[in-house]
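Residue numbers (our numbering): 1462 to 1883.
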């Protein structure tokens, strides 16, 4: 694995005093690598190189661009174990989850390789006689891709592959907490024969490197995944110069469980949704809105299931839930748990597992008697914390599910298809 930035087909070391230590959150004494942080100077070089590369890459036939992504897919599959172990080591997903993410990312690469043969325009009827109306898809130019630490392989694949197949060139800023996985992904594209300058990688803080990407006048579009405050700020900055922006941000996701629902199914799904990936997903199940008829049975089973989850080193066989990604997220989890203890009733968890003091581990935590005005009900935690709130009926469940500012995902468990489709 290389360190540093990847610009114009070469790995370069920024002249920066700031060093990003890539630390294993399961064992904080394990420093995986050190990445010198990029500066706006590296961003400027990366954008300039991507502009030059775009003039060549845009003229490559789309099926040929797609073949580069297809070769990358094959190489990534050969390096899948290396990628999964790096992901688990630097981000904290247990190895089985990391392997699943790598498999998902490779499927994404494969899918978008196929899109190179399906880039289509449209023909439209004209209201004027003897006028032929049609559209042709053209690449935008240089695009900025800013990705988070919680899916450090799948999300970059989502952004990089379609951008390249469409004929754009990319300036890619991965999260500073997970640069190792990103570096291997760039190596994969390099080995696949992607021309220099088509994929540039700059590693550094969002406040400097990300800001420089968003403000750069040559960046035609930005794709961002991350927190809501950062995304809203980024969108406002880009709007000042008319750049295209797509943002995928926070969530406070709810499960609604109604009478007659399969209790075993509800419990299994909620446990996976709340504590899978240590709750560090924007789609994590953070709230269970359960009907009074099911509340006691479901709650008892959830507590039993949460206590049975084996928390441990992400690389160890048998670990079912890994650590928080870093000290900051670890502290955030504990602070929200402290808030929850004041607002509601703790059923299980609520602290640091014994014997795992060498990493950023938090117990699977469940609160009950949670109400919509509580902070743990309304605010995104991004950790292994589940809030259980009682509901009286479907209307009450819908109202409480919608009583937050986030609206990413929701699930409903009921035997009544009419209720489910409302």
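Positions of the beta carbon are idealized from the N, C-alpha and C atoms, including for glycine.
- Using a Cβ-Cβ distance cut-off of 8 Å, the region 1805 to 1815 and the region 1505 to 1512 are not in contact, since fewer than three pairs of beta carbons, one from each stretch, lie closer than that value.
- Bounds of the beta strand (DSSP E) holding residue 1472 are 1471 to 1473.
- For residue 1706, the enclosing beta strand (DSSP E) has its first and last residue at 1705 to 1709.
- Secondary structure of residue 1740 (DSSP, three-state): helix.
- The beta carbon of residue 1865 lies closer than 7 Å to those of 1713 and 1839 in the same chain, with the five residues before and after it left out.
- As a beta-bridge residue in DSSP terms, residue 1662 pairs with 1467 and 1633.
- By the neighbour-count definition (other C-beta atoms within 10 Å, threshold 16), residue 1502 is an exposed residue.
- DSSP lists 1750 as the bridge partner or partners of residue 1850.
- Nearest Cα to residue 1584 within the set 1597, 1575 and 1591: 1597.
- Taking each of 1729, 1649, 1624 and 1479 in turn and checking the Cα distance to residue 1536, the smallest one comes out for 1649.
- A residue is called buried once 16 or more other Cβ atoms fall within 10 Å of its Cβ, and residue 1552 is buried on that count.
- Beta bridge pairing from DSSP links residue 1483 with 1494.
- Around residue 1529, the same chain offers 1625, 1650, 1653, 1654 and 1655 as residues with beta carbons nearer than 8 Å, after the five sequence neighbours per side are excluded.
- Between residue 1686 and residue 1798, the CB-CB gap reaches or exceeds 7 Å.
- Under the three-state reduction of DSSP, residue 1614 is assigned to coil, being neither helix nor strand.
- With respect to the 7 Å criterion, residue 1716 and residue 1731 are classified as neighbours on the basis of their beta carbons.
- Note that the C-beta distance between residue 1829 and residue 1842 is not below 7 Å.
- The DSSP-derived three-state label of residue 1605 is strand.
- Three or more beta-carbon pairs separated by less than 8 Å link the region 1856 to 1874 to the region 1733 to 1753, which places the two stretches in contact.
- Apart from sequence neighbours up to five positions away, the residues of its chain that approach residue 1605 with a beta-carbon distance below 6 Å are 1632, 1674, 1680 and 1683, ordered along the chain.
- Shown here, residue 1504 sits in a helix according to DSSP, grouped into three states.
- Closest option to residue 1728, judged by alpha-carbon separation, among 1565, 1881 and 1874: 1874.
- The alpha-carbon separation between residue 1851 and residue 1466 amounts to approximately 50 Å.
- Secondary structure at residue 1476: coil, using DSSP grouped into helix, strand and coil.
- Contact between residue 1533 and residue 1481 fails: their C-beta atoms lie close to 25 Å from each other, not under 8 Å.
- Out of 1749, 1694 and 1738, the CA that lies nearest to the CA of residue 1871 is found in 1749.
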